[in-house]
Every structure is written in C-alpha cells, then in structure tokens.
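Everything on this sheet refers to the single structure shown next.
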Amino acid sequence: MMTRYLTTSLIPLTLAISLLSGCSSLYEKDDSDVVPDDVTQVQSLPGWVTQQPSDKTKAYGVGSMEVYGSPDQALKRAADFARADLVSRLKVTISATNSSRINEYTSDGETRLQKNISQAVSSTIPTVTLDEVVIRDTYVDDNYAYALAELDRAAAASRIKAQLQEVETELEMMKSAQVTGTGKLERLQQQLPALALFAQHDQLAEQYAFVATSRTRPQPAQTLRDYRADILAAVKQLDVRLVLLDDGARIMRGGLFETLTNQGLRLGESDDPDLSFEVSANLDSQQQDGNYYVFANARVNLRDSSGKVLSSFSDKARGVSGIQQNALNKASEKLAEQLSEELAATLTQRLR
C-alpha cells in the first residue's frame, strides 16, 4: 500500500556562497519530524516525483530515499536531498554571477595586501540563513520516500533587498562621519570597521543573485565603492619599517624587502614609521639529492608608532632549489607572505 503525506513545515536553508570557489555547504538540516501527526493519505504517485512544477517564481528540488524500516527517517533524508537538489539546480544558473564576483574586487592595481585584508574581513562575517524554504509535499510507499522542496524566490529576494538597503544606510553614515587624528594609522583605524559592512554587503548581494529570478547582483552606489577604494588606498600609504634583529634576518633582507614591496607595503627607513616589523630568524641550510633546503624559524613583532606591540608571532618558512641562494630567496618570500597575512589580520581584527 502506498501512502502520501502532505506538510508545509518550514525548514531553514543555510547559504554560504564562496567569493573565489562557489562550492561551500549551502543548507542546514532541521531535526523536526518530516511526517506530521495529521497526515493525509492518498493512493497515487504524485506528478512532481518525475516532473517538477514549472512555476518560475519558485525554485524546486526533489529528493528520494529507500525505506529501511522507518518511513519517518527515510522522509527526513529525502527532505535533505530535496533541499540539496534545489540548491544544485540554482547553482547551475548562478555560475556566471560567481565568476563576476571574483573579478569585481580584484581590480587592476589592487595589491596582495589589500586582497589579504578583504579576505581577512570576509572570514569574520557569520553565515546567514535563508528562511523561505519549505518541504511542500512528501510521498512514501513500502520501498521509497520522496520529498519536494520549494523556495519562494520573490519573498527571499525581497527580504534580502531590504537587508542590503540597511547595510548601505550604515555605510553612508560611516562615510559621512568625520575622521579625526593626524597619524595615518590612527585615521585608518576609524575607517576599518566599514570593511566588515562591505563584506556583509557582498554576501547579501551574492544571496540575492542566487535566489532572484533576475539573477542580477546588486551593486552599492558608486560613492560607496569609492569609499571602499579610499580605505584600501590608505593601507598602501602606511609607512612601514623592517627592523632586522639578527644575522639570520639580515641574510633574508633582500627577499623580504622585495616580496613585501611587491605585496603593496610602503617600506622605508623612516625614524617615525606607522608600523614596524621586528624580525629575527634562525636559518638552517641542508643539501640532499642535489637540492638545497633552507629552513627559517622566525620571530616577528609588529609595533605601532608609539612602540606598542600590536602582534607577536612565530612562524616557519622553507625554500627548496638546486641553487642555495634561490632556496634562501624562496624561504624569504614565504616568510614575507606570512608577514603580509599577519598584518592584514592585525589591521582588520585587532585595531578596530
């Protein structure tokens, strides 16, 4: 005997769309029962099992699961697969949007340090949920359970649009606020919190393009995009001094200076820098099978203009080459990349 169950339980769907990859987990399971107490029983296989509804204002997904003992458990799994199917069908048509987002904030002239800052800020933004998904229908017989997931795309897009407007209002207020102080780092500190709002805007805009029938990704006003560019430009204007404390660090000087400069840091010998990297390093060089291996165990302090330690960390870097100097240069480059990433994390997380 075949039994069909109808339910409209609301099940949250978690969206986590990646800036560079687009392959993150996009939904959460709900522990609530799929089969309600007041089920409706019918005798025929529903049409949506083989052909999804064609309503363009909705998105659908179908999931199935073989019944092993408990129909209720089979329906829960079928509902999970239905939500996953809904997401995968939307992702097929959103790939172009993901590609445009990757290019949007990697414009010509943006340095590696600026990109590190943008990534560091994005990593602090919590995942948000989409609440407009329901399991619209279920069906189970002695062998298989089926579930139909439905997303009201218009309702989801409308809510996200309102959230985008709230974020933009906050950004407009921050842009209008007076920045005080004379030091570059002091002034930058007052502007850095806006980057978190821009990251939140990015995530919401990505979601909007994901669910909206137009597939368009909302952009902030040009004045706000200019505001973001000005904040990142201020990072490039910071005067940074590299202080090499021992022979190991001084041996790595060339590679450190070149890589940090290429990544967008403004290195100099100012007596009053905005930031100072104090680096000490213990080097170990080994030769094996025709290759040189250089290992650098480094200790780094990051200080502001007053001498206050903003960050202190230890790290290791390795370089391998058939030429010893090249191996040293590779180890130096990797250490410099770690310094840049630490500076980005410090600016975005510790100075706000």
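With mature numbering (1 follows the signal peptide of the UniProt record, and there is no 0) as the guide, the letters of the sequence shown map in order to residues -28 to -1, 1 to 324.
The beta carbon of each residue, even a glycine, is placed where N, CA and C say it ideally should be.
None of the values given here were measured: they were computed from a predicted structure.
According to the DSSP assignment, MET145 belongs to the alpha helix (DSSP H) that extends over 125 to 148.
Distance from the CA atom of VAL292 to the CA atom of TYR32, rounded to whole angstroms, is 52 Å. In this structure the stretch 173 to 183 does not touch the stretch 211 to 225; the number of beta carbon pairs closer than 8 Å is below three. Here ALA92 really is in contact with ALA316; their C-beta atoms are around 5 Å apart, less than 8 Å. Counting C-beta atoms within 10 angstroms of its own C-beta, ILE295 has fewer than 16 neighbours from the protein chains shown and is therefore classed as exposed. Inclusion of ILE223 and LEU300 in the CB contact set at 9 Å is warranted, their separation being smaller than that value.
Secondary structure at ASP276: strand, using DSSP grouped into helix, strand and coil.
According to DSSP, LYS30 shares a beta bridge with ASP124. Nearest C-alpha to THR152 among GLN162, MET145, GLU144: GLN162. The DSSP-derived three-state label of ILE295 is coil. A straight-line Cα-Cα distance of about 47 Å links ARG197 and LEU47. From the listed residues VAL266, LEU247, LEU120, the smallest Cα separation to LEU311 is found for LEU247.
The alpha-carbon separation between LEU120 and LYS302 amounts to approximately 54 Å. Per the C-alpha coordinates, the member of SER42, LEU228, SER130 positioned closest to VAL112 is SER42.
Around the Cβ of ASP109, a 10 Å sphere holds 16 or more other Cβ atoms; the residue is buried. Nearest C-alpha to ALA51 among GLN24, TRP20, ALA117: ALA117.
Its Cα nearest to that of ALA181, the residue ARG125 stands out among GLY226, ALA168, ARG125.
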